[in-house]
Amino acid sequence: MSIRLPAALGAVLAAVLLLATPLSAHDYKIGDLKIDHPWTRATPGGAKVAGGFMTITNTGSQPDRLIGGSAVAAGIFEVHEMKMEGNVMRMRALDKGLEIKPGQTVELKPGGFHVMFMDLKTPLKEGESIKGTLIFEKAGTIEVEYKVEARGSSGGHGGHNH
Ligand SMILES: [Cu+2]
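Numbering (our numbering), first residue to last: 191 to 352.
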């Protein structure tokens, strides 16, 4: 890099870049784990289930597992895996939790690993944040907030039952 910017201009650019960061970005740290942007989707009236998504990175040297958690609106919280079996999308609860190996980043996303809010007491509304926890086997329990995003956000929990 041979381009030199006056210091003042550099500062302006830095400020612009900071402003460009989406306001919805939020992340958490517990022990060696970094949890980036937990989110969920608005539920149509009466729906009793919703998926929760995030990215988890293990910066340590020991494997850990996401084994549970909670969300204020949900009576039941489970860690799930979803995958195609033939033409059918199937989902199952991960009884031993979701492993995050040292140095690994695991993405929980629609159509893949996710957490499941079940027995919802209130609908999830776009723009709200719902409080909850995530429980890791080694790192312990951390409080997080799930941002509620638009109902149609990528993929879906269609095609399978709870
Ligand atoms: Cu599920």
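Each residue gets a CB set at the ideal place from its N, CA and C atoms; glycine is no exception.
Source: prediction; values computed, not measured.
Going straight from the alpha carbon of residue i to that of residue j, what length do you get?
i, j, result
"residue 337", "residue 277", "31 Å"
"residue 312", "residue 271", "24 Å"
"residue 211", "residue 224", "Low per-residue confidence applies at residue 211: pLDDT is 49, beneath 50, and the placement is therefore not dependable, though the value from the model is reported in the following sentence. About 18 Å."
"residue 250", "residue 319", "29 Å"
"residue 298", "residue 339", "15 Å"
"residue 341", "residue 301", "15 Å"
"residue 229", "residue 322", "11 Å"
"residue 283", "residue 267", "10 Å"
"residue 217", "residue 234", "27 Å"
"residue 260", "residue 317", "19 Å"
Considering Cα atoms alone, identify which of the options is closest to residue i.
i, options, result
"residue 221", "327, 341, 269, 228", "327"
"residue 310", "216, 223, 232, 227", "232"
"residue 219", "329, 298, 275, 301", "329"
"residue 303", "234, 260, 243, 217", "243"
"residue 305", "269, 260, 230, 262", "269"
Is residue j closer than 8 Å to residue i when the C-beta atoms are compared?
i, j, result
"residue 237", "residue 307", "no"
"residue 240", "residue 314", "yes"
"residue 245", "residue 227", "yes"
"residue 280", "residue 273", "yes"
With which residues is residue i paired in a DSSP beta bridge?
i, result
"residue 142", "There is simply no residue 142 to check, as the chain begins at 191 and stops at 352 in what is shown."
"residue 248", "223"
"residue 254", "290"
"residue 233", "For residue 233, which the question treats as bridged, DSSP gives no partner whatsoever."
"residue 240", "307"
"residue 295", "247"
Please determine if the region 237-257 and the region 286-296 are in contact, where contact requires at least 3 C-beta pairs separated by less than 8 Å. yes
Three CB pairs or more closer than 8 Å across the region 325-333 and the region 292-305: With the cut-off at 8 Å, the region 325-333 and the region 292-305 do not touch.
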